[in-house]
Amino acid sequence: MATLSRIVELCLLLPSLCHIAVAVSQGDLANYKIASFSYEDPHSNPNAKFNHFTIDQESGDVYVGAVNRLFRLNSSFDHEKNITTYNNTDRPDRDSNYNKILIIYPPLGLITCDSENNGQCQLRNLIDLSVIMSTVYPVTSIAEKASVATIGPGRNQKDYLYVGATFDQSDRRNIPLISRRRLKYGSGFLAASSEYDIVFGRRYLADTIINYIKVFSFRGFTYFVSFHLASKLSRVCQDGANLDSYTEITLQCSGSDGSVTAWCKQLTLDQQDLI
Ligand SMILES: *[C@@H]1O[C@H](CO)[C@@H](O)[C@H](O)[C@H]1NC(C)=O
Ligand SMILES: *[C@@H]1O[C@H](CO)[C@@H](O)[C@H](O)[C@H]1NC(C)=O
Ligand SMILES: *[C@@H]1O[C@H](CO)[C@@H](O)[C@H](O)[C@H]1NC(C)=O
Numbered sequence: 511m512a513t514l515s516r517i518v519e520l521c522l523l524l525p526s527l528c529h530i531a532v533a534v535s536q537g538d539l540a541n542y543k544i545a546s547f548s549y550e551d552p553h554s555n556p557n558a559k560f561n562h563f564t565i566d567q568e569s570g571d572v573y574v575g576a577v578n579r580l581f582r583l584n585s586s587f588d589h590e591k592n593i594t595t596y597n598n599t600d601r602p603d604r605d606s607n608y609n610k611i612l613i614i615y616p617p618l619g620l621i622t623c624d625s626e627n628n629g630q631c632q633l634r635n636l637i638d639l640s641v642i643m644s645t646v647y648p649v650t651s652i653a654e655k656a657s658v659a660t661i662g663p664g665r666n667q668k669d670y671l672y673v674g675a676t677f678d679q680s681d682r683r684n685i686p687l688i689s690r691r692r693l694k695y696g697s698g699f700l701a702a703s704s705e706y707d708i709v710f711g712r713r714y715l716a717d718t719i720i721n722y723i724k725v726f727s728f729r730g731f732t733y734f735v736s737f738h739l740a741s742k743l744s745r746v747c748q749d750g751a752n753l754d755s756y757t758e759i760t761l762q763c764s765g766s767d768g769s770v771t772a773w774c775k776q777l778t779l780d781q782q783d784l785i
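One gets our numbering by counting positions in the sequence shown from 1 and adding 510 to each.
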């Protein structure tokens, strides 16, 4: 049975002291075991917090991406390794490096993308978290706004990283909003070809800010959930030679009291349907 995991608590207890609790269970909710973990940012950064976590299905290890730091915990939630992602050599005015993408691709290792380092990504060793290689091209926008990513098949039956990058107005670079990137070891790691693997570049959309909330792979398509004035569900066909198959629909979500809202806060996928 697959391991289910869910963050049940994510809060700031004290300035610069973060606390995370994750419930991990196999089966009923009643069997969930609560474990917790705290961390004090050595830079006493008031923005310190946890951004993402992911679980290695093989080892059960839990990876946590926080502001300025990455952690590996074992499946009992005990600390195994941590490493700083803080490097303000190029931008002394910045003191927060947000983790924007944290995803395990078993054939290669742990992929992390930051708000700093020009929005580039790193391939890291799953054990000691050290950097094996970095991307040449930016993948995510700088600053705090969320990016979403998932791994799915692409053309030529190769695996790709699909990314939805929320643009940040402080970023003047041409970061594609939706792209797929090659999961290839060596030069070209996480590269997107502008002709084939990008739906639209940031300049195309002028000052529109599309917030990407979720991405998932489902029956031959990669779906992106986003919000800009209204919630939208868009998708691209995975086996196409390019992403020209892009389509989108507007979503409306209704609450239990019958109210209808344009902003869908949660979206879940079960075996058959989108909820
Ligand atoms: C991070 O690792 C260092 C050793 O490399 C250790 O001293 C420190 O306690 C670790 N931090 C946490 C929060 O476990
Ligand atoms: C996790 O690490 C702790 C402390 O080193 C250890 O007691 C525990 O058995 C480990 N859990 C697993 C599942 O390896
Ligand atoms: C920090 O960034 C600078 C400039 O990009 C780089 O030369 C240096 O190696 C980095 N330091 C570490 C510890 O990664």
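C-beta: ideal position from N, C-alpha, C; glycine also.
Check	Outcome
Endpoints, the beta strand (DSSP E) within which I614 is located	609-615
Per-residue DSSP class, three states only, for N561	strand
Simplified DSSP assignment, three categories, for Q667	helix
Heavy atom of ligand 2 within 7 Å of D487 beta-carbon	Outside the displayed range of the chain (511 to 785) lies residue 487, so it cannot be described from this structure.
Cβ pair G674, I688 closer than 8 Å	yes
Beta-carbon proximity of T732 to Q748, cut-off 8 Å	yes
Range covered by the beta strand (DSSP E) that runs through Y649	The sequence given here places Val at residue 649; Tyr does not occur at that position. Where V649 is concerned, there is no enclosing beta strand (DSSP E), given that its DSSP letter is neither H nor E.
Per DSSP, the bridge partner or partners of K724	V735
Buried versus exposed call for R683 [16 or more other C-beta atoms within 10 Å across all chains shown]	exposed
CA-to-CA distance, D669 to E626, given in whole angstroms	26 Å
Closer than 7 Å: N578 CB and nearest ligand 2 heavy atom	no
Any non-hydrogen atom of ligand 1 closer than 7 Å to N609 Cβ	no
Cβ-based neighbour list, A740, same chain, cut-off 6 Å, excluding 5 preceding and 5 following	T760, A772
Three-way DSSP call (helix, strand, coil) for G575 in this model	strand
Secondary structure of N628, DSSP reduced to three states	helix
Within 8 Å, strictly: CB atoms of L618 and L633	yes
Assigned secondary structure, V518 (DSSP; H/G/I helix, E/B strand, else coil)	Since pLDDT at V518 reaches only 34, below the 50 mark, its modelled position is unreliable, and the value read off the structure follows with that caveat. It is a strand residue.
Nearest-angstrom Cβ-Cβ length linking Y801 and V709, presumed shorter than 8 Å	Here the chain has residues from 511 to 785 only, and residue 801 is not among them.
Any non-hydrogen atom of ligand 2 within 7 Å of S585 CB	yes
Run of the beta strand (DSSP E) containing C747, from where it starts to where it stops	740-747
heavy atom of ligand 1 below 7 Å from N627 C-beta	no
Contact test: N592 Cβ vs ligand 1 heavy atom, cutoff 7 Å	yes
Cross-strand partners of R692 (DSSP beta bridge)	Y670
Collapsed DSSP secondary structure at L527 in the structure displayed	The pLDDT assigned to L527 is 42, lower than 50, so where the model puts this residue is not dependable; a value taken from the coordinates is nonetheless given after this. The answer is strand: DSSP assigns L527 an E or B state.
Opening and closing residue of the beta strand (DSSP E) in which I637 lies	First-last for I637: undefined, no H or E at that position.
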